Amino acid sequence: MTQDQRDEAIAFQTLLLEEGLCTKKDAERRLEEIETSLAESDSYTLTTLECTHGARVAWRNSIRCIGRLFWKGMHVFDKRHVQTLEEVFQALEEHIQFATNGGAIRPAITLFPPEDPTTGTAPFRIVSHQLLRYAAYTNDDGSMLGDPMNLSFTHECIELGWKPPTPEQRTPFDLLPVMVQTADGRRHLHELPKELILEVTIEHPDSKAFSNLGLKWYAVPIISDMVLDIGGVRFPAAPFNGWYMETEIGARNFGDKQRYNQLEAVADIMGFDRSNERTLWLDKALVELNVAVLHSFKKAGVKLVDHHTAVEQHEQFERLEAEAGRAVTGEWSWLVPPLSG
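The sequence shown runs 357 to 697 under the numbering used here.
Take a look at the structure:
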C-alpha cells in the first residue's frame with residue numbers, strides 16, 4: 357500500500373469520527389489495528405460499517421451526479437467473500453432484482469473482493485460499462501442497428517462466444533451479456549435472464565404514431581466499470597445504481613447523433629417543419645422525446661426524475677451539505693441537464 361493510501365486510511369477514520377460513527381477511543385483503537393495490519397501484510401480489511409458508510413460517502417462526493425441528495429439511502433451489498441464467477445453472476449442478478457423492485461427503483465451498490473494493494477490485481481473486474489446495455493450491429497449497407505456506443509463491446513462479446521440474434525431477428529434493443537474479467541486476465545460472459553430485466557416501451561401522450569418508432573429503454577442504470585476507493589482500499593468491481601433522470605434517456609441516449617439519433621424521426625412523426633433550423637424543429641423534437649420518456653415511465657410505474665426536480669434536489673443537497681460544514685464540488689458539464697439548462 358502506498359503512502360497516499362495509508363494517508364487515505366487515516367483520513368477515512370477521521371471522517372468516521374467527525375461524522376459521529378465512532379468515538380475518539382474507537383477511532384484510535386481502529387487506527388492501531390490498521391497500522392498493525394499494514395505492517396504485517398501491507399493491507400487491511402474494512403469493517404462492514406466502514407464499507408457501508410464509505411460507499412455512501414463516495415456517492416455523496418460524486419462530482420458528476422445530480423442525484424446525491426439520497427446518498428444516505430443507498431443499500432450496500434457486501435460480497436467481498438465471493439470466490440467464483442458463478443457467485444459473482446448470482447450477486448449481479450440479485451443486485452438487479454433488488455434495485456428494480458418492480459419499478460420502485462432502489463439505489464444500491466455491490467462490493468466484490470478488493471484489489472491487492474501490492475500487485476494491483478483483483479479476483480474480479482466488471483468490464484461492462486453498465487450491467488444492462490444494448491448491442492450494435494453494422495449492416496451490409498454500412499448503416500448501424502442498435503446503440504453505436506456499444507459497437508466495439510458487441511464485437512468483443514461475439515468474439516468471446518456470445519451468439520447474437522440472426523440478422524433477420526435483430527432489433528435496436530438486443531441486451532448484451534455482462535462481461536467480467538478474472539485475475540488471470542480472461543474475460544467471461546453471462547447472459548442475464550430476460551425476466552429479470554424491466555424495460556419501458558416509449559409512447560407519447562399526444563401521438564399514437566410515436567409508438568411506430570419502436571423505442572424502449574431499461575429501467576435501471578447500473579454503472580459497473582468504475583473503481584470505488586474507501587480509505588485507500590480499492591474495489592474495481594462495485595456496480596451501483598440510482599434511478600434515471602429523463603434527459604439521460606430522451607436527450608442523450610435517444611437524441612444524440614452518436615447514439616440512437618432519433619430527433620429527425622421524432623420531428624417527422626410529430627409533423628414539425630424541418631425546412632430550416634429557424635423553425636426550431638430540433639428543440640421541439642428534443643422536448644417531445646423527453647415528454648414521451650416521462651409519460652412512459654410514469655405509465656409503467658417506474659421511478660424516474662425530471663430534470664427540473666433533479667436540479668431542485670441538488671440545490672437542497674447543497675444546502676444540507678453546507679449546514680453540515682462540507683463543501684460541495686461538481687463538474688458543471690455533467691450536473692447541468694442537457695435541456696432547459
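All residues carry an ideal CB built from backbone N, CA and C; glycine is no exception.
All figures in this text were calculated on a predicted structure; none of them were measured in a lab.
Looking only at its own chain, which residues have a Cβ that is under 7 angstroms from the Cβ of PRO473, when we skip the five neighbours before and after it?
Against the sequence shown, residue 473 aligns to sequence position 117. Only MET357, GLN361, ASP398 and SER399 meet the Cβ criterion.
Tell me which residues share the same chain as GLU471 and place their Cβ nearer than 6 angstroms to its Cβ, disregarding the 5 neighbours each side in the sequence.
Indexing the sequence shown from 1 puts residue 471 at position 115. Counting only Cβ-Cβ distances below 6 angstroms, and skipping sequence neighbours, we find ALA478, ARG590 and PRO592.
Please classify PHE610: does DSSP put it in a helix, a strand, or coil?
Counting from 1 along the sequence shown, the entry for residue 610 is found at position 254. If DSSP states are grouped into helix, strand and coil, PHE610 belongs with coil.
Would you say ILE465 and VAL432 are within 9 angstroms of each other, going by their C-beta atoms?
Within the sequence shown, numbered from 1, the residue matching residue 465 stands at position 109. Within the sequence shown, numbered from 1, the residue matching residue 432 stands at position 76. Going by C-beta atoms, ILE465 is nearer than 9 angstroms to VAL432.
With distances taken from CA atoms, which of GLU687, MET505, GLN614 and LEU467 is nearest THR401?
Here residue 401 corresponds to residue number 45 of the sequence shown, with the count starting at 1. Selected option, being the one with the closest Cα: LEU467.
Cβ atoms of LEU545 and GLY517: under 9 angstroms apart, would you say?
Position 161 of the sequence shown, counting from 1, holds the residue named residue 517. Position 189 of the sequence shown, counting from 1, holds the residue named residue 545. Against a cut-off of 9 angstroms, the Cβ pair of LEU545 and GLY517 comes out as a contact.
Thinking ARG424 and PHE673 are a contact (beta carbons under 8 angstroms), I'd like their distance in whole angstroms, please.
Sequence index remark: in the sequence shown, residue 424 carries index 68 (1-based). Sequence index remark: in the sequence shown, residue 673 carries index 317 (1-based). That pair is a contact at about 5 angstroms.
For GLN618 versus GLY611, is the C-beta spacing smaller than 9 angstroms?
Residue 618 sits at position 262 when you count from the first residue of the sequence shown. Residue 611 sits at position 255 when you count from the first residue of the sequence shown. Closer than 9 angstroms, so yes.
Looking only at DSSP bridge pairs, what is ARG412 linked to?
Locating residue 412 in the sequence shown gives position 56, counting from the first residue. Answer is none; ARG412 lacks a bridge partner.
Alpha carbon to alpha carbon, how far is VAL444 from VAL438? Give it in angstroms, no decimals.
Counting from one through the sequence shown, the residue named residue 438 turns up at place 82. Counting from one through the sequence shown, the residue named residue 444 turns up at place 88. Cα to Cα, the separation comes out at about 7 angstroms.
Based on Cα-Cα distance, which residue from PRO528, ARG436, LEU488 and GLY476 lies nearest to LYS550?
Here residue 550 refers to the residue found at position 194 of the sequence shown. With distances taken between Cα atoms, LYS550 lies closest to LEU488.
Please return the same chain residues whose Cβ sits closer than 8 angstroms to the Cβ of HIS651, not counting the five positions on each side in sequence.
Residue numbering aside, residue 651 sits at position 295 when the sequence shown is read from its first letter. Same-chain partners within the cutoff: GLU559, HIS560 and PRO561.
Candidates GLY376, LEU642, LEU676 and GLU450: closest to LYS613 by CA position:
Here residue 613 corresponds to residue number 257 of the sequence shown, with the count starting at 1. For the residues GLY376, LEU642, LEU676 and GLU450, the minimum Cα distance to LYS613 belongs to LEU642.
Count the other C-beta atoms from every protein chain shown that fall within 10 angstroms of the C-beta of ASN609, then say buried if there are 16 or more, exposed otherwise.
Position 253 of the sequence shown holds residue 609. The residue is buried, with at least 16 neighbouring Cβ atoms inside 10 Å.
Please go through the same chain and pick out, in chain order, the residues whose beta-carbon is closer than 7 angstroms to the beta-carbon of ALA460, but skip the five residues on each side of it.
Your numbering for residue 460 matches position 104 in the sequence shown. Excluding positions up to five away in sequence, the list reads LYS659.
Just to check my reading of the structure: MET430 and PRO463 have Cβ atoms closer than 8 angstroms, yes? What is that Cβ distance to the nearest angstrom?
Numbered from 1 along the sequence shown, position 74 holds the residue referred to as residue 430. Numbered from 1 along the sequence shown, position 107 holds the residue referred to as residue 463. Rounded, the Cβ-Cβ distance is 5 angstroms, consistent with contact.
TRP637, enclosing alpha helix (DSSP H) - first and last residue:
Walking along the sequence shown from the start, residue 637 turns up at place 281. Segment 637–656, the alpha helix (DSSP H) holding TRP637.
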